[in-house]
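Residue numbers (the working numbering): 189 to 565.
Step one of this worksheet: look at the structure below.
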Amino acid sequence: NTNTCARIQAAKVLIIDEISMLHSYRLEMINQVCKKIRQNTKPFGGLQVILCGDFFQLPPINEKEFPNSSFAFKSEAWKELNLGICYLDEQHRQSDSEFLKVLNEIRSREVSEYTFQKLSTRLNKNIQSEIKPTKLYTHNIDVDAINNFELEKIDKPEHIYKMTSRGKKNLVEVLKKGCLAPETLIIKEGAAVMFIKNNPGRGYVNGTLGKVIGFDVDDGYPIIKVYSGREIVASPTSWQLEENDSVLAEINQVPLRLAWAITVHKSQGMSLEAAEIDLSKSFAYGMGYVALSRVRSLDGIRLLGINPTALMVDGEIGEMDITFRKLSNQSVEYLKSLGQEELKREQGQFLERIILKNQNIKSSDSIIKELFNKFFI
């Protein structure tokens, strides 16, 4: 529509997160749309493009219409971009050095006796927590059945929360499809649940596990005791589609789902304190890596089973990772070669390019100075 076109024309930077999950043909479509709308034959119509992600995670699921689609880096759009690669190596989810070594051996396709030994120590080992860990399964068919079966076993009243929505029907459907919130959430006191949205200020992130210990007297919202022992009232939150500061569509729901079981695919992006992981039926490269890397430490894993495929990653991704690391090192060496003044000048010029001048707000010069002082000095 007209507003979308105007936003694309006015944009300076396009950021695509979780690039590993984007099909090659979709990246090419975005490239062509940007060129057309911006009337510019440069890659993505001259936009600066920032791609973030980890190709060791599960690959895009091929669709019937595009059976030969593959990773985004195989697209013509990727080649056109001539990207500068920046390899981030600081870990925030895991601080367990032994566990990090296991994950790095899987990534590098150099799985040694060390990894097998470490993982074997978690076979059928109980996790010390009053919060029941989520079971991660490779196949979807078991998950809903397990969650419903466990809920039925609890002899407590049901509490039902219905999703509400507003906006255009097709956009509301996009929101529903893009989040893990169920349209009808049914829970009971004692149920194992998982938060499905990030809200660090309230004490939870996507994947925070907990147990329903009661319901708020005033509003009736569930009270969740999480892994750390903290108690959180899970009040409804919203997912929105916005344009020009206007909300086009919105859904509201309590940000929870039953969490006795979840698929490995749906666990992507989550951080789990504890999980029971069954990798005995792994059928795709990366499944073991994704499942294991969701958890913060080895002590938080109870391994129910494993097969050789679980510890394999795509050989093509392994080769690309070597290339990415080389290119990242070249970028680092280039930045090191710049003098301090030259580096500051280039950083300032970058900020000048991406900030639109607007008479109704502070001048772009003052914004640039604020940002520069915050991030670069």
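We put the beta carbon where it would ideally sit given N, CA and C, even for glycine.
- Rounded to the nearest whole angstrom, the C-alpha separation of Lys-267 and Ser-519 is 17 Å.
- Scanning the stretch 306 to 391 from its first residue to its last, the whole beta strand (DSSP E) runs of 3-plus residues come out as 322 to 325, 347 to 350, 352 to 355, 372 to 375 and 380 to 383.
- In the DSSP assignment, the residues bridged to Lys-399 are Ala-380 and Lys-413.
- Counting C-beta pairs with one atom in each stretch, the stretch 473 to 488 and the stretch 285 to 298 have three or more that are closer than 8 Å, which means they touch.
- Closest in C-alpha terms to Gln-428, from the list Ile-420, Val-421 and Glu-438, comes Glu-438.
- A check of alpha carbon separations from Phe-471 across Leu-460, Val-452 and Ser-459 identifies Val-452 as the nearest.
- Inclusion of Ser-423 and Tyr-409 in the CB contact set at 7 Å is warranted, their separation being smaller than that value.
- For the set Gly-378, Asp-332 and Ile-315, the Cα lying nearest the Cα of Pro-345 is the one of Gly-378.
- Per DSSP, the continuous alpha helix (DSSP H) segment holding Ile-218 begins and ends at 212 to 226.
- Look at the beta carbons and you see the stretch 317 to 333 touching the stretch 456 to 463: at least three pairs across the two are nearer than 8 Å.
- Considering only Gly-402, Val-414 and Lys-350, the residue with the shortest C-alpha distance to Tyr-392 is Val-414.
- Non-local beta-carbon contacts of Asn-495 in its own chain, meaning distances under 8 Å to residues more than five positions away in sequence, involve Leu-467, Ser-468, Lys-469 and Ser-470 in chain order.
- Rounded to whole angstroms, the gap between the alpha carbons of Asn-386 and Ser-283 is 20 Å.
- Leu-239 places its beta carbon 7 Å or farther from that of Gly-474.
- Counting only the Cα atoms, Ser-455 lies some 17 Å from Lys-364.
- Distance from the CA of Lys-200 to the CA of Thr-511, rounded to the nearest whole angstrom, comes to 28 Å.
- Remark: C-beta atoms of Ser-212 and Phe-243 do not approach each other more closely than 7 Å.
- Ranking Leu-444, Leu-359, Lys-356 and Gly-457 by CA distance to the CA of His-280 puts Gly-457 first.
- DSSP, reduced to helix, strand and coil, places Asn-394 outside both helices and strands of the structure shown, so it counts as coil.
- Rounded to whole angstroms, the gap between the alpha carbons of Val-381 and Tyr-275 is 34 Å.
- With contacts defined as CB atoms closer than 7 Å, Thr-352 and Asn-292 fail to qualify as a contacting pair.
- Between Ile-334 and Trp-448, the gap from beta carbon to beta carbon is short of 7 Å.
- According to the DSSP assignment, Val-452 belongs to the alpha helix (DSSP H) that extends over 452 to 455.
- Out of Arg-533, Leu-526, Gly-488 and Glu-504, the CA that lies nearest to the CA of Arg-310 is found in Gly-488.
- With 16 or more neighbouring CB atoms inside 10 Å of its own CB, Arg-445 falls in the buried class.
- Sixteen is the threshold: since fewer than 16 other Cβ atoms of the shown chains lie within 10 Å of the Cβ of Phe-304, the residue is exposed.
- Within the model, the alpha-carbon separation for Tyr-477 versus Thr-497 is close to 10 Å.
- Within the same chain, Ile-225 come within 6 Å of Cys-193 by CB-CB distance, once the 5 residues on both sides are set aside.
- The C-alpha of Lys-262 lies about 11 Å from the C-alpha of Glu-504.
- Within the same chain, Cβ atoms closer than 8 Å to the Cβ of Glu-430 are found at Leu-436, the five residues on either side in sequence being excluded.
- Judged by DSSP secondary structure, Ile-294 falls within the alpha helix (DSSP H) whose first and last residues are 285 to 295.
- Boundaries of the alpha helix (DSSP H) around Arg-513: 503 to 525.
- With a cutoff of 7 Å on beta-carbon distance, Gly-398 and Ile-412 are scored as near each other.
- Contact between Ile-450 and Val-331 holds, with the beta-carbon distance rounding to 6 Å and staying under 8 Å.
- DSSP places Asp-487 within a helical segment (H, G or I) once states are collapsed to three.
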